[in-house]
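Residue numbers (the working numbering), protein chains in the order written: chain A, 804 to 917; chain Y, 5 to 116. For each residue, glycine too, the CB sits at the ideal point set by N, CA and C. Taking it in order: structure first as structure tokens, then the write-up.
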Amino acid sequence: AQSVTQLDSQVPVFEEAPVELRCNYSSSVSVYLFWYVQYPNQGLQLLLKYLSGSTLVKGINGFEAEFNKSQTSFHLRKPSVHISDTAEYFCAVSVGRGADGLTFGKGTHLIIQP
Amino acid sequence: EPEVTQTPSHQVTQMGQEVILRCVPISNHLYFYWYRQILGQKVEFLVSFYNNEISEKSEIFDDQFSVERPDGSNFTLKIRSTKLEDSAMYFCASSRRGDEQFFGPGTRLTVL
Numbered sequence: 804a805q806s807v808t809q810l811d812s813q814v815p816v817f818e819e820a821p822v823e824l825r826c827n828y829s830s831s832v833s834v835y836l837f838w839y840v841q842y843p844n845q846g847l848q849l850l851l852k853y854l855s856g857s858t859l860v861k862g863i864n865g866f867e868a869e870f871n872k873s874q875t876s877f878h879l880r881k882p883s884v885h886i887s888d889t890a891e892y893f894c895a896v897s898v899g900r901g902a903d904g905l906t907f908g909k910g911t912h913l914i915i916q917p
Numbered sequence: 005e006p007e008v009t010q011t012p013s014h015q016v017t018q019m020g021q022e023v024i025l026r027c028v029p030i031s032n033h034l035y036f037y038w039y040r041q042i043l044g045q046k047v048e049f050l051v052s053f054y055n056n057e058i059s060e061k062s063e064i065f066d067d068q069f070s071v072e073r074p075d076g077s078n079f080t081l082k083i084r085s086t087k088l089e090d091s092a093m094y095f096c097a098s099s100r101r102g103d104e105q106f107f108g109p110g111t112r113l114t115v116l
């Protein structure tokens, strides 16, 4: 079975500063990786995904993530955050396509300070 | 832009009652999922559905749960006899090819 670890439950960052949200996974087989964002009282929105190919993946709202197989990591980065980025961010993995369910991490609450 | 919708947004029920949570997936999607998120905890996979049958289910998805696609548009999750610990946010998701999953806004279930 696979698992996802998001070590930081909260990350406070000043507006316009860079941010990195960490995600590590554990799996005995190849995985597909995702980052979702959840704004207050809303559902989960896909930020970006890694299925194959280039290990640097760009997503919406200026976010990007890098898949590092040797370190089993998929950290999310943004060079300059905005107040509107305040939200809960979830890393998730799947071991294949089709009907596989996603395994989520516990989430990281990104708090943007003015 | 097409989106997954869920009704109701909030459901309050008494312990032991049956509830049905409804979802309308994106119209050309073929894979359907249910997840739950207990307050303060992570999102957990419950079940996936493809080609009119359950494809995968987690150990959470026991005999009190069932899913159905009664027509060409709806996808439902039924909880037969609710328990206090079923209180959670329930998310429906759909996917066209089984890779990228699109989530609905969720139904908050409160069991009293």
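Amino acids of chain A, ordered along the chain, whose beta-carbon sits closer than 9 angstroms to that of residue i
| i | result |
| --- | --- |
| F49 of chain Y | D903, G904, L905, T906 and F907 |
Contact list for residue i against chain Y, beta-carbon separation under 9 angstroms
| i | result |
| --- | --- |
| K852 of chain A | D103 and E104 |
| L849 of chain A | E104, Q105, F106 and F107 |
| F893 of chain A | K46 and V47 |
Any non-hydrogen atom of the ligand ADP within 7 angstroms of residue i CB
| i | result |
| --- | --- |
| G862 of chain A | Judged by which ligands are present, the structure shown has none, so any question about the ligand ADP falls away. |
Proximity test, Cβ basis, 8 angstroms: residue i and chain A
| i | result |
| --- | --- |
| G108 of chain Y | yes |
| S52 of chain Y | yes |
| S62 of chain Y | yes |
| F95 of chain Y | yes |
Three-state class that DSSP yields for residue i in the structure shown
| i | result |
| --- | --- |
| L116 of chain Y | coil |
| L836 of chain A | strand |
| L913 of chain A | strand |
| E89 of chain Y | helix |
| I30 of chain Y | coil |
| N844 of chain A | coil |
| N864 of chain A | helix |
| A804 of chain A | coil |
| C826 of chain A | coil |
| L81 of chain Y | strand |
| K872 of chain A | coil |
| Q15 of chain Y | strand |
| V814 of chain A | strand |
| T111 of chain Y | strand |
| T858 of chain A | coil |
| S98 of chain Y | strand |
| V8 of chain Y | coil |
| R73 of chain Y | coil |
Within-8 angstroms CB hit, residue i to chain C
| i | result |
| --- | --- |
| S59 of chain Y | No chain C appears in this structure, whose protein chains are A and Y. |
Chain Y within 8 angstroms of residue i, Cβ atoms only
| i | result |
| --- | --- |
| G846 of chain A | yes |
| G910 of chain A | yes |
| Y842 of chain A | no |
| Y828 of chain A | no |
Closer than 7 angstroms at the beta carbon, the chain A residues around residue i
| i | result |
| --- | --- |
| F69 of chain Y | Neighbours of F69 of chain Y on chain A: none; closest Cβ ~14 angstroms, over 7 angstroms. |
| Y37 of chain Y | G904 |
- Task: Write down every uninterrupted run of the beta strand (DSSP E) in the segment 35 to 71 of chain Y whose length is 3 residues or greater and which is fully enclosed by it, in chain order.
- Result: Along the segment 35 to 71 of chain Y, the beta strand (DSSP E) occurs as fully enclosed runs of 3 or more residues at 35 to 41, 47 to 54 and 57 to 61, listed in sequence order.
- Item | 3-residue-minimum beta strand (DSSP E) runs that sit fully inside the segment 882 to 907 of chain A, ordered along the chain | If we require 3 residues or more, the beta strand (DSSP E) runs fully inside the segment 882 to 907 of chain A come out as 890 to 897.
- Is the segment 13 to 23 of chain Y in contact with the segment 814 to 831 of chain A, if contact means three or more CB pairs nearer than 8 angstroms? No, because fewer than three Cβ pairs between the segment 13 to 23 of chain Y and the segment 814 to 831 of chain A fall closer than 8 angstroms, the two stretches do not touch.
- Message: Count Cβ pairs between the segment 840 to 850 of chain A and the segment 96 to 115 of chain Y that sit closer than 8 angstroms; are there 3 or more?
- Response: In this structure the segment 840 to 850 of chain A lies against the segment 96 to 115 of chain Y, because at least three pairs of beta carbons, one per stretch, are closer than 8 angstroms.
- Task: Answer yes if the segment 66 to 81 of chain Y comes into contact with the segment 890 to 899 of chain A, meaning at least three C-beta pairs across the two stretches below 8 angstroms, and no otherwise.
- Result: In short, these stretches do not touch, since the Cβ pair count stays below three.
- Contact between the segment 18 to 33 of chain Y and the segment 93 to 104 of chain Y: three or more CB pairs below 8 angstroms? Yes, the segment 18 to 33 of chain Y is in contact with the segment 93 to 104 of chain Y.
- Item | Cβ pair count under 8 angstroms reaching 3, the segment 817 to 825 of chain A against the segment 868 to 881 of chain A | Verdict: yes, contact present.
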